[in-house]
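Peer 1:
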Amino acid sequence: NLKPALKAYSINAKSSGVDAQGQVDVDLEFKGRKFHGKGLSTDVIEASAQAFVSAYNAIYRSLKVEERKMA
Numbered sequence: 619n620l621k622p623a624l625k626a627y628s629i630n631a632k633s634s635g636v637d638a639q640g641q642v643d644v645d646l647e648f649k650g651r652k653f654h655g656k657g658l659s660t661d662v663i664e665a666s667a668q669a670f671v672s673a674y675n676a677i678y679r680s681l682k683v684e685e686r687k688m689a
């Protein structure tokens, strides 16, 4: 069960206008390590979801590497 802590969340405009792209960056901490995620979309909710999924995937990959080292 993954329960990382949110350490940073930021939104930055990457373009301007009605269809402006927004970039969301998140930093999560899990088991003493920091994991970064990034999302880009015209919808800030979608960009946020992408960023969290990206960070969670990084955590998952690190757990799989640890499992392989233990095997």
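The numbering used here applies: residue 619 is where the sequence shown begins, and numbers increase by one.
Ideal placement from N, C-alpha and C gives every residue a C-beta, glycine not left out.
For clarity, every value in this text was computed on a predicted model and none was experimentally measured.
#1: So for Lys675, helix, strand or coil by DSSP?
#2: Checking the sheet assignment: what are the DSSP bridge partners for Val642?
#3: Rounding to the nearest angstrom, what Cα-Cα distance links Arg679 and Val662 in this structure?
#4: Could you have a look at Lys652 and say whether DSSP puts it in helix, strand or coil?
#5: Would you call Val636 buried or exposed, if buried means 16 or more other Cβ atoms sit within 10 Å of its Cβ?
Peer 2: To lay it out plainly:
#1: The amino acid occupying residue 675 in the given sequence is Asn; Lys does not appear at that position. Correct three-state label for Asn675: helix.
#2: Ile629, Gly657
#3: 26 angstroms
#4: Of the three classes helix, strand and coil, the one that applies to Lys652 here is strand, per DSSP.
#5: exposed
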